[in-house]
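One structure is given below, encoded as structure tokens.
2 protein chains.
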Amino acid sequence: MSRFKVTFHPYNKTVEVEKDATILSAAVSAGVPINSVCGGDGVCGRCKVVLKKGSVLMQATGLLSPEEKKRGVYLACLSEVQSDIEVEVPRGSTADFEKISTQELKKTFSDIEDIEPVKPAIRERLFTKMPLTVKLYLSLQPPDLNDKVSDLDRLCGRIKKAENFSALQLGIVNIRNLSELLRSSGWKVTVTLSRRDQTTEITQIEPQDTSLKNFGMCFDIGTTTLTGQLVDLNKSEILGTKTAYNKQATFGSDVITRIIYAREPDGLEKLHCAVTEEMNRMIQELIAEHNVDLNDLTCVLCAGNTTMTHLLLRIDPTYIRKEPYVPTANFIPPIRATEAGIKINPRGLLYCVPGVASYVGGDVTSGVLSCGMNDQAASLNVLIDIGTNGEIVLGHKDYLISCAASAGPAFEGSGVSCGMRATKGAIQKVKISSRDFEPSYETIGGAKPRGICGSGYIDLIAEMLRSGIIDKDGKIKPLEHKRIRQSDMGREFVVVFKDNADSSSDIAINDADIDNLKRAKAAIYSALSCLLKHMGLDFDSVPKIFIAGGFGTSVDINNAINIGLLPDVKRNKIIFVGNSSIAGARAMLLSYEAMEQAEEIARKMTYLDLSTEPAYMDEYMAALFFPHTDLAKFPSVKL
Amino acid sequence: MSRFKVTFHPYNKTVEVEKDATILSAAVSAGVPINSVCGGDGVCGRCKVVLKKGSVLMQATGLLSPEEKKRGVYLACLSEVQSDIEVEVPRGSTADFEKISTQELKKTFSDIEDIEPVKPAIRERLFTKMPLTVKLYLSLQPPDLNDKVSDLDRLCGRIKKAENFSALQLGIVNIRNLSELLRSSGWKVTVTLSRRDQTTEITQIEPQDTSLKNFGMCFDIGTTTLTGQLVDLNKSEILGTKTAYNKQATFGSDVITRIIYAREPDGLEKLHCAVTEEMNRMIQELIAEHNVDLNDLTCVLCAGNTTMTHLLLRIDPTYIRKEPYVPTANFIPPIRATEAGIKINPRGLLYCVPGVASYVGGDVTSGVLSCGMNDQAASLNVLIDIGTNGEIVLGHKDYLISCAASAGPAFEGSGVSCGMRATKGAIQKVKISSRDFEPSYETIGGAKPRGICGSGYIDLIAEMLRSGIIDKDGKIKPLEHKRIRQSDMGREFVVVFKDNADSSSDIAINDADIDNLKRAKAAIYSALSCLLKHMGLDFDSVPKIFIAGGFGTSVDINNAINIGLLPDVKRNKIIFVGNSSIAGARAMLLSYEAMEQAEEIARKMTYLDLSTEPAYMDEYMAALFFPHTDLAKFPSVKL
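As they're listed, the protein sequences go chains A and B.
Using our numbering, the letters of the first sequence map in sequence onto residues 1 to 639.
Using our numbering, the letters of the second sequence map in sequence onto residues 640 to 1278.
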């Protein structure tokens, strides 16, 4: 079979592929980060490239305008290589990760990252049982001629007496030197006990009293964003939080692309390492900052969507995306952290929050727990987790039903030209003067603006809409204004010129960005609408709507409704809970009662597959306006 | 500190030691096998060496005769090196192992070894529960859009439905490729399930139906002898048995010496490897002979005394021999066999039969089980396990009491000049003509005689006693006869001249051998006597005495009583059960109900430390005659 060279500009990378390979697969081989939300199905229209030389064969698509076709724009996923070719990857088609230089990553990484909001919802709840891992200091009675119980039975007997641990397990490693350890320490030792379903494992035996040093890590592993938290398990205290982009994004911006990539040679391994290396780096930084010894980090708990959990554990994720969309596992037994490449105490365990289905994972279970939706007293509520894979849960103690809406990472500041995570320097609030279109804004930490985070985008679109800069379709009007100009992604509106920004270029929003954000908000709104309809309910039936996600701490509720992201309900029904996944994960780390409840939540929750709901596509299409095609659904919105 | 050279003849080995080091410790460093039953405490008098050059300082001892002192004989354990020295290790001081050349070992190893007697005692018992490891073939319903249970839940749900397995565990290794495995096998798989205390582990998942191939190994790990058995777990059938000497004997003939040796640099590791290498070799040979794939060998179960179990698992055994004599563990949780260096299926488990105390181990528990002493219907019985470390158990379903008597390995054919295990070519029966002292004998397998096994020695001593060749003290009389001559171990009596033997030298018994056998039988008789007295009982109170041990299948009860090894009771009370340890181990392998009973036995059994019984030493001294000092105890014995 003939082989051809494909060269990508501006990366200056060349790769050889077989005839009829797609440009997208060539880009994956070359390590060129082309955006592809739909995973190469020709649906999202994000993987646009410009053919500079050579010939390709492209399947018919309605996602390119006649103007684009004239310019030589092709969808990388639908175009098959027919000769040596050269293509240009425009800025808007680049997977967001590429934008963040190593230096920049380091900067955001070491920032004070206070976006983790411990909302009342979780604070009010009291879990009485102990952490997943506890340290117990024991002073044992030495044996004598009248008491010749073996060392191990002596130790286990004492543990059972101290606390109600039923079935104790331990590995041979901890037995081998037990006799010497007990005697050299004068029979005073500290045991580390970790829950393992119905049993308890003695993971470590240390001389003397080390019980004050017992720490855990919890992680929210998002498709786009990683959040890690170091917790003092004795004091139930958060010592520090880190967030970072999930480096798996280099292999695809969404779960589908990554599942496909996992089938490449070493693909699964690379995806696995991309996330674990970042997690290990977070751990290293946190323990260094807080003077914690790695050995005293005795357990780690991860909440992630189902694909993230599979990739973390190097479990083949292939069948998540193939009908009938069944994951290998929703409930993962505790394993030794080192088996997943996570470096904590070498005998420490790794727990994964159980998930529900292929597209509703442990992060959602965790969110439901942290919002107390399963509480006896709770009424029928809704949780919307706005992430790359948006998830919605409806229910109360008796039932819970969930669905997923592939929103994309726009509200996490990814896949949009000037987007960033909600960290220092992110524009989080925007006002635009209707008179002269001059924007005023507020950044996180009051720093010079570096980009725009989710809450900033919500404000920005709402304000552009209100002030008439964009129409209800989201297109920037062809107005004569110094801030409005043509770009290669349609028109753009400059929010901050680079002279006033901590950025090498102007901070702007363009037609493509707005389109991304519109699709994201439409996916979420229509999913919620469908889920309620499916259950014979409407927005008024729900007393509380919890909004979770990493888009910032100060979302303007009115603006979120004005752009049609959230339904037009009484404002006090809407409660922003921040990262509910990490909050729930932390609760589980600190009490296995919370873990037990999470397991119950995951077992109880059902999953509604929207792709089989006939109404969903209509709802989605109708929501592709600001705020909506049917303005009767948004009576309080006056634009 | 000054350092001196110590040279050992005839080994021609030289080692450098510090001043005041004992000759015994120098021998251990040099790898010279000096016999030391007491472990260097100056008690057994076995480690005699002849000083040829240089000077040593020896503690006072009554164990050397004036004649020996004159000849330059020293006890290696009591003699401290004061200059460069040269010593001769006489044949009688050599640890037995050295006598067996590699070639010879190989020969005995590949013999048909049929000594494992499955006695009625165990055959009559019926255990209804399943083997420790079972294979279950499952044909699963594939998922569809109406049944989207995860692969793992589908599998586990099906297992729980098929059999009553409550808490299933499995490692991440078996989860990683589960999805592909299920689909590529058309949803037909075989799971291997292994008991782990109160839970069950899925140790393996294979495509298609492999359930017919499920095998286990059980081992009796004796101080002197190893016995291994390959069992078809489906058919409850023994496929083959191997026995071999425990190669740890190179480091010491008894548990005490080995515990001391374990403190040497790499000592524990060497002891561990000595036994596991032999076990692996047995496994390899058995599976090759019976066409079993190593992967289908799914579990291994070991019964051994407490020290053997510690060494097998590389657990520090130090405190077994230090007051108050407490082992690290009597109950060992199941571990992966590979963690102990045993090569079976890489995920297969290793089980150890629980022990009772430092000197009553899992082999005794196993013996009690196999004799059915814990049965509801059983009356008050006694089990005597005649091994290097002799153990005695008295009791029934309501109580069990045990004690240990350090008998030495003489009845296992070790530590005696022409001893051998009860395998092909061993003299197992002997008659001596009172008229002309001509012996007639019978060998195992009818082969040319190669040595004498335990039952042969019992006959031989009884016959020598009856025919007047030895006196009641066990000394060979200075008779003029072609078979009686002087040797460097006192007088000796030739049983078979080498021309008629499969041996490079005459097969004989000497004064030192008889002394060894006398001490062994005295230790056992007096221990039994003490144990009964302690409980306010006598020999007549006991309806059955089970005799276990590797001394052969055809012990002559009258002769065993005539030499005072067994008490003078009604002959039908005495039942030889062979290797009761391997029989019990096999029962456990084949049914976890047996394992549960063994655990109950071990928990229930108490231990009487004879060294704290004031009467024991007197009893022992009185038993150092054939049959006994007090002939009133042996009314039926006419000599």
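Even glycine gets a Cβ: it sits at the ideal position worked out from N, Cα and C.
Q.
Taking the alpha carbon of A:Ser139 as the reference point, which residue from A:Ser184, A:Leu168, A:Met130 has its own alpha carbon closest?
A. A:Ser184
Q.
For A:Leu312, count the other beta carbons within 10 Å of its own beta carbon; 16 or more makes it buried, fewer makes it exposed. Which is it?
A. buried
Q.
Please list the terminal residues of the continuous beta strand (DSSP E) segment that includes A:Val496.
A. 490-496
Q) Are at least three pairs of beta-carbons, each pair with one atom in the region 317-328 of chain A and one in the region 769-785 of chain B, less than 8 Å apart? A) yes
Q.
On the criterion of 16 or more Cβ atoms from any shown chain inside 10 Å, does A:Arg483 qualify as buried, or is it exposed?
A. buried
Q.
What does the alpha-carbon distance come out to for the pair B:Lys1172 and B:Val1276?
A. 22 Å
Q. What are the residues of the region 894-920 of chain B that lie near chain A, defined by any Cβ-Cβ distance shorter than 7 Å?
A. none
Q.
Any beta carbon of chain B sitting closer than 8 Å to that of A:Thr7?
A. no
Q: Flag this pair as touching only if the region 344-357 of chain A and the region 291-301 of chain A have three or more C-beta atom pairs under 8 Å; answer yes or no.
A: yes
Q) To which residues does DSSP link A:Asp147 through a beta bridge? A) A:Asp144
Q) What whole-angstrom Cβ distance do A:Ile509 and A:Cys418 have, given they're in contact under 8 Å? A) 7 Å
(Q) Considering just the uninterrupted stretch of the alpha helix (DSSP H) at B:Asn1020, what are its terminal residues? (A) No alpha helix (DSSP H) contains B:Asn1020, which is instead part of the beta strand (DSSP E) from 1020-1025.
Q: Between the Cα of A:Thr61 and those of A:Val89, A:Leu349, A:Lys69, spot the shortest distance and give me the residue it belongs to.
A: A:Lys69
Q. Can you name, in chain order, every residue of its own chain whose Cβ lies under 6 Å from the Cβ of B:Glu725, other than the five neighbours on each side?
A. Thr646, Lys691, Lys692
**Q.** Per-residue DSSP class, three states only, for A:Phe546
**A.** strand
**Q.** Beta-carbon proximity list for B:Glu1252, same chain, < 7 Å, skipping 5 on both sides
**A.** Cys1169, His1173
Q. Between the region 394-411 of chain A and the region 511-523 of chain A, do at least 3 Cβ pairs fall closer than 8 Å?
A. yes
Q: Find the residues of chain D that neighbour A:Asp316, judging by a C-beta separation of less than 7 Å, and give them in chain order.
A: No chain D appears in this structure, whose protein chains are A and B.
Q) For A:Ser487, which option in A:Ser467, A:Cys47, A:Pro90, A:Met58 has the closest C-alpha, if you only look at C-alpha atoms? A) A:Pro90
Q: Quick one: which unbroken beta strand (DSSP E) runs of 3-plus residues sit fully inside the region 197-227 of chain A? Chain order, please.
A: 199-207, 215-221
Q. In its own chain, which residues sit with a C-beta less than 8 Å from the C-beta of B:Ile814, not counting the 5 before and 5 after it?
A. Leu791
Q | Contacts of B:Glu978 in chain A (Cβ-Cβ under 7 Å) | A | Ile172
Q. Counting Cβ pairs, one atom from each stretch, are 3 or more of them under 8 Å apart for the region 414-428 of chain A and the region 450-460 of chain A?
A. yes
Q.
Along the chain, where does the beta strand (DSSP E) containing B:Gly1029 start, and where does it finish?
A. 1029-1034
Q) What does a CB cutoff of less than 6 Å around A:Asn305 pick up in its chain, not counting 5 residues either side in sequence? A) Gly361, Asp363, Asn389
Q. Exposed or buried, what is B:Tyr1038 when buried is set at 16 or more other beta-carbons lying within 10 Å of its beta-carbon?
A. exposed
Q) Assuming B:Glu772 and B:Ser833 make a contact with CB atoms under 8 Å, what is their CB distance in whole Å? A) Here residue 772 of chain B turns out to be Thr, not Glu, going by the sequence shown. About 5 Å separates the two Cβ atoms, so the contact holds.
Q. Where DSSP assigns a beta bridge to B:Thr646, which residues make up the other side?
A. B:Thr653, B:Glu725
Q) Shorter than 8 Å from the beta carbon of A:Phe625 to some beta carbon of chain B? A) no
Q: Can you tell me which of the three DSSP states A:Glu98 falls into?
A: Below a pLDDT of 50, predicted positions are generally treated as unreliable, and A:Glu98, at 31, falls in that range; the measurement from the model is reported next regardless. In the structure shown, A:Glu98 sits in a helix (DSSP, three-state: H, G or I).
Q. Taking the alpha-carbon positions, what's the A:Pro439 to A:Ser433 distance?
A. 6 Å
Q: Could you tell me whether any Cβ in chain A is nearer than 8 Å to the Cβ of B:Asp659?
A: no
Q | Other residues of its chain near A:Ile205: CB distance less than 8 Å, five sequence neighbours each side excluded | A | Leu155, Asn174, Leu178, Leu181, Val189, Thr190, Val191, Thr192
Q.
In the DSSP assignment, the alpha helix (DSSP H) including B:Tyr884 goes from what residue to what residue?
A. Looking at the DSSP string, B:Tyr884 is not in any alpha helix (DSSP H); the run it does join, the beta strand (DSSP E), is 876-884.
Q: Sort B:Val894, B:Asp905, B:Ile898, B:Leu869 by Cα distance to B:Arg920 and report the nearest one.
A: B:Leu869
**Q.** Beta-ladder partner(s) of B:Ala1043, from DSSP
**A.** B:Glu1030
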